[in-house]
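A.B. asks: The structure's right below; bear with me while I get my questions together.
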Amino acid sequence: MDSVTAIAASGMQTASLRLESAAANIVKGTATSPAAANASQPVTPLLGYDPNAPYANLQSAVAQPNDDLPANLVNLKQAETDFRASLLAYKASDQMFKTLLDATA
51 MDSVTAIAAS GMQTASLRLE SAAANIVKGT ATSPAAANAS QPVTPLLGYD
101 PNAPYANLQS AVAQPNDDLP ANLVNLKQAE TDFRASLLAY KASDQMFKTL
151 LDATA
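Numbering (our numbering), first residue to last: 51 to 155.
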């Protein structure tokens, strides 16, 4: 794999991870169940104080949702754009390599 293809593949992988993270934050931002509070998040969860919550820890702290929906939607769109750009770089590299092979054949 040449360096351009490797860079493009790395960019697509990174964009995929950012997209998954943003989508997970959007989903977890609307959930208030104990399962959502205990789920692993790509970022450190926000903690709130609720001594009456059945799923609170020993310090009465409960995980709060990452409810910054506009920021998460922007991250989602940026990840999509980054993936498309990396895919175009990958396709351009592939086309240039094919053209080079045709010219030397």
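Glycine residues also receive a C-beta, built at the ideal position from the N, C-alpha and C atoms.
Note down, in chain order, each residue of its chain lying with its Cβ closer than 8 Å to the Cβ of L69, except the 5 sequence neighbours on either side.
C.D. replies: L126, A129, E130, F133
A.B. asks: Measuring alpha carbon to alpha carbon, tell me which residue in D118, T55, A59, L108 is nearest A74.
C.D. replies: D118
A.B. asks: Please state the DSSP three-state secondary structure of Y140.
C.D. replies: DSSP places Y140 within a helical segment (H, G or I) once states are collapsed to three.
A.B. asks: How about A56 and S136: are their beta carbons less than 8 Å apart?
C.D. replies: Contact flag unset, no.
A.B. asks: With DSSP collapsed to three states, give me the class of L108.
C.D. replies: Residue state, collapsed to three classes: coil.
A.B. asks: For M62, tell me which candidate among N122, V124, T149, Y140 has the shortest Cα-Cα distance.
C.D. replies: Among N122, V124, T149, Y140, the Cα nearest to that of M62 is on Y140.
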